[in-house]
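So the sequence shown is numbered by this note's numbering: it starts at 8 and just counts up by one. Everything on this sheet refers to the single structure shown next.
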Amino acid sequence: MVCLFFLSAKHCKTLTPSVAGQSLKLPCFTSFGSNCYFGCARGFSMKGKGVASCSILSESGSVSWKTNEFSCESK
8 MVCLFFLSAK HCKTLTPSVA GQSLKLPCFT SFGSNCYFGC ARGFSMKGKG
58 VASCSILSES GSVSWKTNEF SCESK
């Protein structure tokens with residue numbers, strides 16, 4: 008007897024910069040466990056750490072991006 012199990016990979020939604028002056032460094036993979044990095048456009052400097060991690064939400068078992076607080080401030 009052969010048992011087959013199919014596991015579907017968990018993916019977070021596609022990230023996009025949310026504020027003027029922010030950029031997203033590519034490649035940015037959406038699979039569980041991936042990290043994506045934000046940067047700032049020319050003329051802006053980053054304050055904080057621009058990292059987003061695709062992580063499991065403990066209460067629902069779904070995945071979502073967890074980000075550190077950061078901002079891009081004009082010079």
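Note that the Cβ used here is the ideal one computed from N, Cα and C, for glycine as well.
In the DSSP assignment, F77 is bridged to G55. Apart from sequence neighbours up to five positions away, the residues of its chain that approach K17 with a beta-carbon distance below 6 Å are F39, V70, ordered along the chain. Remark: C-beta atoms of G57 and F45 approach each other more closely than 8 Å. For the 8 Å CB-CB criterion, A59 and S30 do not form a contact.
Take the alpha-carbon of K54 and the one of T74: they are about 14 Å apart.
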